[in-house]
Amino acid sequence: MESNHPIPYPEVNVVLRELLTSVQSILGDHFIGMYLYGSLASGDFDRESDVDYVVVTEDVLSDALFSALQDMHMRIATIDS
2 MESNHPIPYP
12 EVNVVLRELL
22 TSVQSILGDH
32 FIGMYLYGSL
42 ASGDFDRESD
52 VDYVVVTEDV
62 LSDALFSALQ
72 DMHMRIATID
82 S
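Residues in the sequence shown are numbered from 2 upward in steps of one, following this note's numbering.
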């Protein structure tokens, strides 16, 4: 991810990389893609911005997968950036 479209905030790259690999690990074959939008995608991002993203899946997720994604989100939200 970083080598294709570097973000000038290394700490954001760390969080995005962790997010992507975690989502891929949890979803496996259900994962289609993860897409950024908002200020990060449009070039208006700064240190006070949030990161907007959407994860696209093959099918509607089971409760177990959805719960695993929620747990992952809570873990990643605690990463000091």
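Cβ atoms here follow ideal geometry from the backbone N, Cα and C, with glycine treated the same way.
Local Cβ density within 10 Å of residue i, reported as buried at 16 or more and exposed below that
| i | result |
| --- | --- |
| Ile-27 | buried |
Closest Cα partner of residue i within the set the options
| i | options | result |
| --- | --- | --- |
| Ala-68 | Val-16, Val-24 and Glu-19 | Correcting the residue type first, residue 68 is Ser in the shown sequence and not Ala. Taking only the C-alpha atoms, the option nearest Ser-68 is Val-24. |
| Leu-21 | Pro-9, Val-52, Ser-40 and Ala-65 | Val-52 |
| Gly-29 | Leu-62, Ile-80, Pro-9 and Ile-77 | Leu-62 |
| His-31 | Ala-78, Ile-77, Val-57 and Met-73 | Val-57 |
| Pro-9 | Thr-79, Met-73, Arg-76 and Asp-45 | Asp-45 |
Residue i: first and last residue of the uninterrupted alpha helix (DSSP H) it sits in
| i | result |
| --- | --- |
| Asp-72 | 64-78 |
Start and end residues, beta strand (DSSP E) containing residue i
| i | result |
| --- | --- |
| Ile-27 | Taken as a continuous stretch (DSSP letters only), Ile-27 belongs to no beta strand (DSSP E), being part of the alpha helix (DSSP H) at 11-28. |
Nearest-angstrom Cβ-Cβ length linking residue i and residue j, presumed shorter than 8 angstroms
| i | j | result |
| --- | --- | --- |
| Tyr-38 | Val-13 | Incorrect: roughly 15 angstroms between the Cβ atoms, too far for contact. |
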